[in-house]
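This report concerns only the one structure given below.
Structure, rendered in structure tokens:
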């Protein structure tokens, strides 16, 4: 790899008192960093997807909470505000809750910062373990299709689904990635393609709707995607379109894997029906960017869910930092997710 | 409807000796017409999708051939050039072949024009019959999902899949359309949404990859799409992404229909494997338009098939001008397609 995860670093805490992030809205045109110096800065960055990825918004949430407390906001109020910035990823809610607990136990805002830092470190470690577990599980798979972005730009480490790809590359194995575009915000075409090109890993882009034909062509050995929230039964909420890819993979006989830390498992959700799905505005679909001409009438009705739920029956394995669960076989997720 | 099909008229022959078309590349921003006055004009318009839709490029092919012969080109050479402008739709090949036959039987280029005009008239008639057959088949279905554009802009008449919608609306039935965006060229968001809005038929847009979640939500009563070529067994080549929608519809228990004239049936293709699939350039995926900044590195590898093949096993019915075939039941397509 020409660019190591360390060199890119999608988010880091700086001692002056801010969360420094890569502004993912600017990629691939420009690699620019921005310092989030208040709770509102963090909330805005999460809402607008300047910072994104389930793991990253979890630690960003802890830092956002810390900044709010530092600035004198009532802890419960700021916790609620930050946790509500995006509803689907369980990691955001958990990151804020852990930071709030550190403060409510008599700590200061600096204790909440320490929670954020620990979450970043845990993320790096989890990604490395997920990558290695996936590398072993998918030994022999050289051609991998993924959806959305789950790599260096979505985590503090090497990523989850893309972590498997980086682990393969680091081990000297052949690997070629097919990246869907991932409409409407194109995290696949803008981010996954970009970060794999930086790492000199071969990548081919395709529009989301071409995945079914590609999977049936025999060109793909396995599908690996990330997760924003996983229900206790293995149903997985992830970027909208994941469900379509899973249906096509099953129909084509291509194994379909989710790669995610166990922090993405929400044991309080019995199945996918209990996971809230964020609906976003029409503008994301109707315009390329806020300044561009609309692609359809500005008042066009648009249904724009950010996520969908892939049922466990379509998932061949969930690759976690503690090993691979097989929800389709009724095996392992609950046991893996149990606190050590 | 505030705008009748007659008022829009996607293509018509003008006596001065040109095919006048709506330039679909300019929609929905501008409704502009352009006159195609030579075989090269027609070929370029077909290649760049200024004129599109299986039926429309069939008649355009006949006119393009006529113009080439008028301008002194050797008939077999111009026939081959025009027929090769896009490989997947069988109607293009057939339109050119019929026009060429009229000339080779001792006719002049004007006889080829007459073939084109007859194809346009046949198209209008076929669309009306398909619309009515679909309206009866889908009685009670008020919420219809479609993919790509198959309406007034894709035919000389009211369209195929959208013809069913227009027939419902004309009969005073409630109908609401969900239109996928249809990447990369967005025929759904740019064209289907636009023409339904002109007709004051309620329409909701969604990105292609959201179709699976929508179909599972219970919001859709039936899926109806068009076809570029149908094999003898019912396997159907249509705009890329159709296959994904068909898989999701079957999984969700929503009936999936193809609406197309019998001229789309290629009896020489035993199944979908015999249908050539056009691969288009990377630019369509990498840039919004030729002048805009690339969404990924300009040398990014892109797999960009224009069509995919939906297997007959996923198709509940093929709505034609002679009635509805049920290929999943092994019934009817061959009998319907047999010359009267």
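Protein chains in written order, with this note's numbering: chain A, 128 to 467; chain H, 128 to 467. The beta carbon of each residue, even a glycine, is placed where N, CA and C say it ideally should be.
*Along the chain, which unbroken stretches of the beta strand (DSSP E) at least 3 residues long are found entirely within the segment 291-357 of chain A?*
303-307, 330-333 and 349-352
*How many Å lie between residue 179 of chain H and residue 190 of chain H at the Cα?*
Here the question's residue 179 of chain H lines up with position 52 in the second chain. Here the question's residue 190 of chain H lines up with position 63 in the second chain. Cα-Cα distance, rounded: 14 Å.
*Could you tell me whether the Cβ atoms of residue 363 of chain A and residue 335 of chain A are closer together than 8 Å?*
Against the first chain, residue 363 of chain A aligns to sequence position 236. Against the first chain, residue 335 of chain A aligns to sequence position 208. No.
*Shortest alpha-carbon distance to residue 327 of chain H belongs to which of A:427, A:434 and A:253?*
Locating residue 327 of chain H in the second chain gives position 200, where the first residue counts as 1. Closest option to residue 327 of chain H, Cα to Cα, is A:427.
_Below 8 Å on C-beta distance, what does residue 370 of chain A contact in chain H?_
Residue mapping note: residue 370 of chain A aligns to position 243 of the first chain, counting from 1. Per Cβ cutoff of 8 Å: 339, 340, 343 and 375.
*Under the rule that 16 or more other beta-carbon atoms within 10 Å means buried, what is residue 264 of chain H, buried or exposed?*
As a working mapping, residue 264 of chain H is identified with position 137 in the second chain. Label assigned to residue 264 of chain H: buried.
*Who are the Cβ neighbours of residue 129 of chain A in its own chain at under 6 Å, not counting the five residues just before and after it?*
Within the first chain, numbered from 1, the residue matching residue 129 of chain A stands at position 2. Any reading at residue 129 of chain A needs caution, since the residue's pLDDT is 47, under 50, leaving its predicted position unreliable; the model's value is listed next. Around residue 129 of chain A: 327.
*Under 8 Å (Cβ pairs) to chain A, residues found in the segment 314-334 of chain H*: Cβ contacts with chain A come from 316, 317, 320, 321, 324, 329, 330, 331, 332, 333 and 334.
*Let me know if residue 313 of chain H comes out buried or exposed under the rule of 16 or more other beta-carbons within 10 Å of its beta-carbon.*
Looking up residue 313 of chain H in the second chain gives position 186. Buried.
_Within-8 Å CB hit, residue 129 of chain H to chain A_ = The residue given as residue 129 of chain H occupies position 2 in the second chain. In this prediction, residue 129 of chain H scores a pLDDT of 47, lower than 50, which makes its location untrustworthy; the coordinate-derived value is nonetheless stated afterwards. For residue 129 of chain H, the answer is no, since every Cβ of chain A falls outside 8 Å of its Cβ.
*Please name the residue in A:390, A:258 and A:395 whose C-alpha comes closest to that of residue 355 of chain A.*
In the first chain, counting from the first residue as 1, residue 355 of chain A sits at position 228. Nearest to residue 355 of chain A by alpha-carbon distance, out of A:390, A:258 and A:395, is A:390.
*List the residues that DSSP assigns as beta-bridge partners of residue 140 of chain H.*
For the purposes of this step, residue 140 of chain H is taken as residue 13 along the second chain, with counting starting at 1. H:146.
*Shortest alpha-carbon distance to residue 413 of chain H belongs to which of A:228, A:420, A:331 and A:397?*
Taking the second chain and counting its residues from 1, one reaches residue 413 of chain H at position 286. Minimum Cα distance to residue 413 of chain H is reached at A:331.
_Measuring alpha carbon to alpha carbon, tell me which residue in A:170, A:401 and A:416 is nearest residue 408 of chain A._
The residue you call residue 408 of chain A lines up with position 281 of the first chain. For the residues A:170, A:401 and A:416, the minimum Cα distance to residue 408 of chain A belongs to A:416.
*asked:* Under 8 Å, Cβ to Cβ, is there at least one residue of chain A near residue 427 of chain H?
replied: The count along the second chain starts at 1 and reaches residue 427 of chain H at position 300. Closer than 8 Å: yes.
*Would you kindly check if the distance between the Cβ of residue 166 of chain H and the Cβ of residue 108 of chain H is under 8 Å?*
The requested residue 108 of chain H does not occur in the structure, where chain H is confined to residues 128 to 467.
*Look up residue 383 of chain A in the DSSP assignment and give the residues it is bridged to.*
As a first step, residue 383 of chain A is located in the first chain; it is residue number 256 there, counting from the start. Note: residue 383 of chain A sits in a beta bridge opposite A:350.
*Determine the direct distance from the alpha carbon of residue 454 of chain H to that of residue 283 of chain H, and round the result to whole angstroms.*
For this step, residue 283 of chain H is matched to residue 156 along the second chain. For this step, residue 454 of chain H is matched to residue 327 along the second chain. Distance between the alpha carbons of residue 283 of chain H and residue 454 of chain H: 27 Å.
*At a Cβ cut of 7 Å, what residues of the segment 394-416 of chain H count as close to chain A, listed as they run along the chain?*
412 and 415
*Integer-rounded CB distance, given that residue 171 of chain A should sit under 8 Å from residue 160 of chain A*: As a working mapping, residue 160 of chain A is identified with position 33 in the first chain. As a working mapping, residue 171 of chain A is identified with position 44 in the first chain. Contact between residue 160 of chain A and residue 171 of chain A is ruled out by a C-beta separation of about 16 Å, above the 8 Å threshold.
*For residue 450 of chain H, which of H:259, H:236, H:437 and H:279 has the nearest alpha-carbon?*
In the second chain, the residue the question calls residue 450 of chain H occupies position 323. Cα-wise, what sits closest to residue 450 of chain H is H:259.
*Assign residue 322 of chain A to buried or exposed, taking buried as 16 or more other Cβ atoms, counted over all protein chains shown, within 10 Å of its Cβ.*
Looking up residue 322 of chain A in the first chain gives position 195. The residue in question, residue 322 of chain A, is buried, as its Cβ has 16 or more Cβ neighbours within 10 Å.
*Counting Cβ pairs, one atom from each stretch, are 3 or more of them under 8 Å apart for the segment 228-237 of chain H and the segment 268-282 of chain H?*
With the cut-off at 8 Å, the segment 228-237 of chain H and the segment 268-282 of chain H do not touch.
_Pick from A:392, A:419, A:294 and A:398 that is closest to residue 182 of chain A, judged by C-alpha positions_ = Along the first chain, read from residue 1 onward, the residue named residue 182 of chain A stands at position 55. When A:392, A:419, A:294 and A:398 are compared, the shortest CA-CA separation from residue 182 of chain A is found for A:392.
*Would you kindly work out how many angstroms separate the C-alpha atoms of residue 319 of chain A and residue 375 of chain H, rounded to a whole number?*
Your numbering for residue 319 of chain A matches position 192 in the first chain. Your numbering for residue 375 of chain H matches position 248 in the second chain. Approximately 26 Å, taken between the alpha carbons.
*Out of H:186, H:444, H:249 and H:461, state which residue places its alpha-carbon closest to the alpha-carbon of residue 396 of chain H.*
Walking along the second chain from the start, residue 396 of chain H turns up at place 269. Checking every option, the nearest Cα to that of residue 396 of chain H belongs to H:461.
*Beta-carbon neighbours of residue 430 of chain A, restricted to chain H and to distances below 8 Å*: Numbered from its first residue, the first chain carries residue 430 of chain A at position 303. Per Cβ cutoff of 8 Å: 305, 331, 332, 333, 337 and 341.
*Could you name the residues of chain H that residue 367 of chain A contacts, counting a contact when the two beta carbons are closer than 8 Å?*
The residue you call residue 367 of chain A lines up with position 240 of the first chain. Chain H residues near residue 367 of chain A: 334, 336, 337 and 340.
*C-beta contact flag for residue 434 of chain A and residue 215 of chain A at 8 Å*: In the first chain, counting from the first residue as 1, residue 434 of chain A sits at position 307. In the first chain, counting from the first residue as 1, residue 215 of chain A sits at position 88. Cβ atoms of residue 434 of chain A and residue 215 of chain A: closer than 8 Å.
_Cβ of residue 348 of chain H within 8 Å of any chain A Cβ_ = Sequence index remark: in the second chain, residue 348 of chain H carries index 221 (1-based). Not closer than 8 Å to any Cβ of chain A, the Cβ of residue 348 of chain H fails to qualify, so no.
_Three-state class that DSSP yields for residue 128 of chain A in the structure shown_ = Reading the first chain from its first residue, position 1 is the one you call residue 128 of chain A. For residue 128 of chain A, the pLDDT reaches just 44, beneath the cut-off of 50, and the residue's location in the model is therefore unreliable, although a value from the coordinates is still provided. It is coil, neither helix nor strand.
*Starting from the beta carbon of residue 461 of chain A, find every residue of chain H whose beta carbon is closer than 8 Å, and list them in chain order.*
The sequence position of residue 461 of chain A within the first chain is 334, counting from 1. Neighbours of residue 461 of chain A on chain H: none; closest Cβ ~25 Å, over 8 Å.
*Could you give the distance in angstroms between the alpha-carbon of residue 140 of chain H and the alpha-carbon of residue 256 of chain H?*
Counted from its first residue, the second chain places residue 140 of chain H at position 13. Counted from its first residue, the second chain places residue 256 of chain H at position 129. Roughly 23 Å between the two C-alpha positions.
_Runs of beta strand (DSSP E) wholly within the segment 422-465 of chain A (minimum 3 residues, chain order)_ = 434-437, 444-447 and 450-452
*Answer yes or no: does any C-beta atom of chain H fall closer than 8 Å to that of residue 423 of chain A?*
Within the first chain, residue 423 of chain A is the residue found at index 296, counting from 1. It does; some Cβ of chain H falls within 8 Å.
*Pick out whichever of H:212, H:192, H:224 and H:329 has its Cα sitting closest to the Cα of residue 240 of chain H.*
Mapped onto the second chain, residue 240 of chain H falls at position 113. Nearest of H:212, H:192, H:224 and H:329 to residue 240 of chain H, Cα basis: H:192.
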